[in-house]
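Q:
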Amino acid sequence: MRTSGEPGMTILYEDNHLLGIEKPVNVPTQEDASGDPDLLNLLKADIKERYGKPGNVYLGLVHRLDRPVGGAMIFAKTSKAASRLSDAVRTRGFEKGYVAVVRGIPAQASGTLTDTLLKDEKTNTVRVVKKGTPGGRDAKLDYRVLGTSVQDNLSLVQIRLHTGRSHQIRVQFSHLGCPLYGDQKYGAALNKPGEQIALWSLYVGFPHPVSKEMIDLVSLPPRLYPWNLWEDRLYRGVGEACKSGGMAGEM
Numbered sequence: 001m002r003t004s005g006e007p008g009m010t011i012l013y014e015d016n017h018l019l020g021i022e023k024p025v026n027v028p029t030q031e032d033a034s035g036d037p038d039l040l041n042l043l044k045a046d047i048k049e050r051y052g053k054p055g056n057v058y059l060g061l062v063h064r065l066d067r068p069v070g071g072a073m074i075f076a077k078t079s080k081a082a083s084r085l086s087d088a089v090r091t092r093g094f095e096k097g098y099v100a101v102v103r104g105i106p107a108q109a110s111g112t113l114t115d116t117l118l119k120d121e122k123t124n125t126v127r128v129v130k131k132g133t134p135g136g137r138d139a140k141l142d143y144r145v146l147g148t149s150v151q152d153n154l155s156l157v158q159i160r161l162h163t164g165r166s167h168q169i170r171v172q173f174s175h176l177g178c179p180l181y182g183d184q185k186y187g188a189a190l191n192k193p194g195e196q197i198a199l200w201s202l203y204v205g206f207p208h209p210v211s212k213e214m215i216d217l218v219s220l221p222p223r224l225y226p227w228n229l230w231e232d233r234l235y236r237g238v239g240e241a242c243k244s245g246g247m248a249g250e251m
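At position 64 of the sequence shown the residue is numbered 64 (full-length UniProt numbering), and the sequence of numbers has no breaks.
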């Protein structure tokens, strides 16, 4: 099912408490300085139209994706659901799995990246700093290389976050020497203007805020370059691994 209006979005899950969608790329999650249509308000308008709701529509923002990033997202349709999902995020009961295409081939096929990140609010950029730097926040993620293209000098990696810092994946892989394909902010030396950043929210999993049933949302990246260097079945396998709480290849 798709939402009404433009841009139309694929609905991954919906009930009286939750709305799970596939976020389109280059749409801000919430209103920002650009003034461009944002996901939160687009979805509120869609709910209002589809259900003929009068007055203001409630929709709670539980997590965020950077503007150029697409994929699975969940929103809360009630304040109670928003509160319980926010608790799940804080207590790490909210799982997020990503895939990304990075420049080069990481020296290790799998590993854990642990860094301290410092955000510059004025420039909206993040950099790796020494541990103990005032304002620095610890960032940790696990990754596994799923495939490589020697000809294109690109690697497909699966990522599982332990922390949710701003621009975390982009900064940590740039620091590793393998910036994300298309990332102009943290990989300008290797990427060309106009390339779409290759980072995708493939999986979101959490206990339903009311029934406690496990909800698994899976969104596959588009069949466009560089994603189409690898087959859909590989991405589906990653989604299944995420449902089991693991990384692809660990099952």
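Note that the Cβ used here is the ideal one computed from N, Cα and C, for glycine as well.
#1: Pull up the distance between the alpha-carbon of Arg-236 and that of Leu-156, whole angstroms please.
#2: To test your reading of the DSSP string, which unbroken alpha helix (DSSP H) runs of 4 or more residues are found completely within the segment 25-102?
#3: When the distance is taken between beta carbons, is Lys-53 closer than 9 Å to Leu-39?
#4: At what residue ranges does the segment 169-244 contain a whole run of the beta strand (DSSP E), taking only runs of 3 or more?
#5: Leaving out five residues before and five after Leu-161 in sequence, what residues of the same chain have Cβ atoms less than 6 Å from its Cβ?
#6: With DSSP as the reference, identify every bridge partner of Thr-112, one or two as the case may be.
#7: Taking DSSP as the reference, what is the three-state secondary structure of Glu-14?
#8: Here's the rule I'm using: 16 or more other beta-carbon atoms within 10 Å means buried, otherwise exposed. How should Arg-233 be labelled?
#9: Consult DSSP for Met-247 and reduce its assignment to one of helix, strand or coil.
#10: For my contact list, Leu-229 and Val-99 are in at a C-beta cut-off of 8 Å; report their separation, rounded to the angstrom.
#11: Label Leu-19 either buried or exposed according to how many other C-beta atoms from any shown protein chain fall within 10 Å of its C-beta, with 16 as the threshold for buried.
#12: So with Cβ pairs under 9 Å, would you call Trp-200 a contact of chain B?
#13: Could you pull the start and end residues of the beta strand (DSSP E) that Ser-155 belongs to?
#14: Starting from Val-128, follow its DSSP beta bridges and name the residues at the other end.
#15: What three-state label does DSSP hand Ser-149 in the structure shown?
#16: Is it the case that the Cβ atoms of Val-27 and Ala-45 are separated by a distance below 9 Å?
#17: Go ahead and label Met-247 buried or exposed: buried means 16 or more other beta carbons lie within 10 angstroms of its beta carbon, across all protein chains shown.
#18: Note down the Cα distance separating Lys-130 from Gly-55, rounded to an integer number of angstroms.
#19: How long is the line joining the alpha carbons of Gly-111 and Arg-144, rounded to whole angstroms?
#20: Alpha carbon to alpha carbon, what distance is there between Gly-93 and Leu-217?
#21: Here's the rule: buried if 16 or more other CB atoms are within 10 angstroms of the residue's CB, otherwise exposed. What is Thr-123?
#22: For a test of the three-state rule: what should DSSP assign to Gly-20, helix, strand or coil?
#23: Rounded C-beta distance between Thr-116 and Thr-133? I'm assuming under 8 Å.
#24: How should Ala-188 be labelled, buried or exposed, when 16 other C-beta atoms within 10 angstroms of its C-beta is the threshold for buried?
#25: Are the Cβ atoms of Leu-12 and Ser-219 separated by less than 9 Å?
#26: Is it buried or exposed, Val-126, if we count other Cβ atoms within 10 angstroms and call 16 or more buried?
A: Taking the coordinates as given:
#1: The residue labelled residue 236 in the question sits at position 236 within the sequence shown. The residue labelled residue 156 in the question sits at position 156 within the sequence shown. C-alpha separation (whole angstroms): 14 Å.
#2: 39-51 and 79-90
#3: As a first step, residue 39 is located in the sequence shown; it is residue number 39 there, counting from the start. As a first step, residue 53 is located in the sequence shown; it is residue number 53 there, counting from the start. No, these two residues do not count as a Cβ contact at 9 Å.
#4: 199-207 and 214-218
#5: On the sequence shown, position 161 is the one that residue 161 refers to. Closer than 6 Å at Cβ, skipping near neighbours: Lys-96 and Leu-141.
#6: Indexing the sequence shown from 1 puts residue 112 at position 112. Beta-bridge pairing links Thr-112 to Asp-142.
#7: Locating residue 14 in the sequence shown gives position 14, where the first residue counts as 1. In this structure, Glu-14 counts as strand in the three-state DSSP scheme.
#8: Numbered from 1 along the sequence shown, position 233 holds the residue referred to as residue 233. Its Cβ having fewer than 16 others within 10 Å, Arg-233 is exposed.
#9: Counting from one through the sequence shown, the residue named residue 247 turns up at place 247. The answer is coil: DSSP assigns Met-247 none of H, G, I, E or B.
#10: By 1-based counting over the sequence shown, the position of residue 229 is 229. By 1-based counting over the sequence shown, the position of residue 99 is 99. 12 Å between Cβ atoms; not a contact.
#11: On the sequence shown, position 19 is the one that residue 19 refers to. Buried.
#12: As a matter of chain content, chain B is missing from the structure shown, which is built from one protein chain.
#13: As a first step, residue 155 is located in the sequence shown; it is residue number 155 there, counting from the start. 154-161 is the span of the beta strand (DSSP E), which, as asked, contains Ser-155.
#14: Numbered from its first residue, the sequence shown carries residue 128 at position 128. Paired residues: Leu-117.
#15: The residue given as residue 149 occupies position 149 in the sequence shown. Ser-149 falls in the strand class under three-state DSSP.
#16: The residue given as residue 27 occupies position 27 in the sequence shown. The residue given as residue 45 occupies position 45 in the sequence shown. In this structure, Ala-45 does not lie closer than 9 Å to Val-27 by Cβ.
#17: Walking along the sequence shown from the start, residue 247 turns up at place 247. Under this definition Met-247 is a buried residue.
#18: Numbered from its first residue, the sequence shown carries residue 130 at position 130. Numbered from its first residue, the sequence shown carries residue 55 at position 55. Distance between the alpha carbons of Lys-130 and Gly-55 is about 50 Å.
#19: In the sequence shown, counting from the first residue as 1, residue 111 sits at position 111. In the sequence shown, counting from the first residue as 1, residue 144 sits at position 144. One C-alpha to the other measures close to 7 Å.
#20: On the sequence shown, residue 217 is found 217 positions in, with the first residue counted as 1. On the sequence shown, residue 93 is found 93 positions in, with the first residue counted as 1. So the alpha carbons of these two residues sit roughly 15 Å apart.
#21: For the purposes of this step, residue 123 is taken as residue 123 along the sequence shown, with counting starting at 1. Answer is exposed; the Cβ neighbour count stays below 16.
#22: As a position in the sequence shown, residue 20 is number 20, starting the count at 1. Three-state DSSP puts Gly-20 in a strand.
#23: Translated into the one-based positions of the sequence shown, residue 116 becomes position 116. Translated into the one-based positions of the sequence shown, residue 133 becomes position 133. Sure, about 6 Å apart at Cβ, within 8 Å.
#24: Locating residue 188 in the sequence shown gives position 188, counting from the first residue. So Ala-188 counts as exposed.
#25: Counting from one through the sequence shown, the residue named residue 12 turns up at place 12. Counting from one through the sequence shown, the residue named residue 219 turns up at place 219. The answer is yes: Cβ separation under 9 Å.
#26: For the purposes of this step, residue 126 is taken as residue 126 along the sequence shown, with counting starting at 1. Val-126 should be labelled buried.
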